[in-house]
Amino acid sequence: MWGCVLSDACIEALLKRRSVRVFKDAEVPLDMILKAIEVARYAPSAGNKQPWRFVIIREGEKLKDLAKILRYSRPLMNAKVAVMVLANKDESPTSYMVDASLAAMYFWLALHCIGGSALVSLPHFCSPASRSGFHRAWGRSGPPQRPHILSI
Ligand SMILES: Cc1cc2nc3c(=O)[nH]c(=O)nc-3n(C[C@H](O)[C@H](O)[C@H](O)COP(=O)(O)O)c2cc1C
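For the record, in the sequence shown the residue sitting at position 27 is 1017 according to this note's numbering, with numbers rising by one throughout.
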């Protein structure tokens, strides 16, 4: 109607994205994750600062630890991959959370478009006790404190 041949497919993709909490017992190709991250890098950001980082977690034990520790992230228990989105305050003090949220959304949508399913969860919603468990599970060096962990 507005002269864009892709509009139907784009709108359909947006409408069909759902939060998925039960995952197939199948390996997730690393290429798929990297493709979605590549797309996420094109998200808009204030001053084009791109104050985000992506951390791919594929170790089964670490995923299970995260599932136990983060109150609303039980689905990680049967996930093959988690992607942590970090927001770097140092790189964009006034806009890092908005910018990294947009990149996370781009990542989520790209993954959906190429056949992946995902759930978004916010680690800073967990209790202080859970948070210290989260730090322990990450390993001796602890999780990245900076940049700020925005979502998993
Ligand atoms: C910032 C954010 C945090 C979320 N955290 C969780 C979570 O911890 N656990 C969960 O099961 N769903 C979580 N969700 C998914 C929402 O529950 C979901 O997006 C909402 O119910 C709408 O469903 P839909 O995404 O399938 O359209 C989160 C979504 C967002 C945007």
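Glycine included, C-beta positions come from ideal geometry on N, C-alpha and C.
Legend entry - Local conformation of residue 1018 per DSSP, three classes: It is coil, neither helix nor strand.
Legend entry - Helix, strand or coil at residue 1060 according to DSSP, with G and I counted as helix: Assigned with DSSP and collapsed to three states, residue 1060 falls in coil, not helix or strand.
Legend entry - Outcome for residue 1015 when other beta-carbon atoms lying within 10 angstroms are tallied against a minimum of 16: Answer is exposed; the Cβ neighbour count stays below 16.
Inset, instruction - Return yes when at least one heavy atom of ligand 1 lies under 6 Å from the C-beta of residue 1111, else no. - result: Residue 1111: yes, Cβ under 6 Å from ligand 1.
Inset, instruction - Note down the Cα distance separating residue 1102 from residue 1093, rounded to an integer number of angstroms. - result: Rounded to whole angstroms, residue 1102 to residue 1093 spans 14 Å at the Cα level.
Inset, instruction - Would you check if there are 3 or more beta carbon pairs closer than 8 Å linking the segment 1002 to 1015 to the segment 1040 to 1053? - result: Verdict: no, contact absent.
Legend entry - First and last residue of the uninterrupted alpha helix (DSSP H) at residue 1091: Its alpha helix (DSSP H) spans residues 1086 to 1103.
Legend entry - Same chain, Cβ closer than 8 Å to residue 1095, neighbours up to 5 away in sequence not counted: Apart from sequence neighbours up to five positions away, the residues of its chain that approach residue 1095 with a beta-carbon distance below 8 Å are 1033, ordered along the chain.
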